[in-house]
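Numbering (my numbering), first residue to last: -3 to 245.
Virtual Cβ for every residue (Gly too), placed ideally from N, Cα, C.
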């Protein structure tokens, strides 16, 4: 008689979250053999942490705008008080909604791309595991959101130059001449590059190896090509947005 297999230890959500940061290879291998239905919890955590810098930036801007609404002068007796900001502007609402909608869309695109890459390389693992891998691998951006939130709250300054985009276009200063399409394109790509992006790509490579058992070299090439394609596709809306902003100045 064959010996009964030992029961598999079910990992808690906290163990999975900690495992992605500490032992990503073993954690993704566990998720491959024992898929977790709680993937939506880190998804919600990531969306919330991504929204925090935007919400704190708006709060700091409204707080600093209060004393300067009347040019720093005290109101004259009998005059009407200066109007206080009543709430978020339409642009703030659009940014918030855009962040909430774009994040799941990003996971769907990455999940689909990883699935197609695994099929092309002969190691398909299904779309659902690739989608969940994209969600778990996005946890570094939750950490980035928390770090940015603390920085904005302490310094009272918004983060205008994302990644290395400040080396091409300085968004903190107004520019009379609109940057050319080549600068807008380069800034769009460099704005994605930071340590958290490298961390995210590393988790995607490790997860792709764990879920599909691809060799490291093929996993690195697959993730790198997918990132490059998405980065190049993001250039078009960045250029159009820069041209539109120049027309409305």
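- Straight across, the Cα-Cα distance linking residue 151 with residue 50 is about 15 Å.
- The beta carbon of residue 206 sits closer than 7 Å to those of 21, 24, 25 and 28, all from its chain and outside the five residues before and after it, given in chain order.
- The alpha-carbon of residue 122 is positioned some 43 Å away from that of residue 55.
- Between residue 209 and residue 119, the alpha-carbon positions lie close to 7 Å from each other.
- Excluding its 5 nearest sequence neighbours in each direction, residue 228 has C-beta neighbours in its own chain below 8 Å: 185, listed in chain order.
- The beta carbon of residue 38 lies closer than 7 Å to those of 13, 131, 132 and 135 in the same chain, with the five residues before and after it left out.
- Straight-line spacing of the CA atoms in residue 105 and residue 197 works out to 15 Å.
- Collapsing the DSSP output to three states places residue 125 in a helix.
- The beta-carbon distance between residue 164 and residue 142, rounded to whole angstroms, is 27 Å. This is too long to meet the 8 Å contact definition.
- Contact check for residue 127 against residue 149 fails: the beta carbons are separated by 8 Å or more.
- Within the same chain, and ignoring the five residues on either side of residue 202 in sequence, the residues whose Cβ sits closer than 7 Å to its Cβ are 20, 21 and 24.
- About 17 Å separates the Cβ atoms of residue 53 and residue 137, ruling out a contact at the 8 Å cut-off.
- Our two residues, residue 88 and residue 95, have alpha carbons roughly 11 Å apart in a direct line.
- Boundaries for residue 211: no alpha helix (DSSP H) harbours it, and the DSSP string shows neither H nor E there.
- Ranking 33, 215, 231 and 42 by CA distance to the CA of residue 111 puts 215 first.
- Counting only runs of 4 or more residues that sit fully inside the segment 131 to 201, the alpha helix (DSSP H) segments are 135 to 151 and 177 to 186, in chain order.
- For the segment -3 to 62, the full-length alpha helix (DSSP H) segments reaching 4 residues or more read 9 to 18, 20 to 29 and 36 to 61 along the chain.
- Residue 159 is not a Cβ neighbour of residue 139, given a cutoff of 8 Å.
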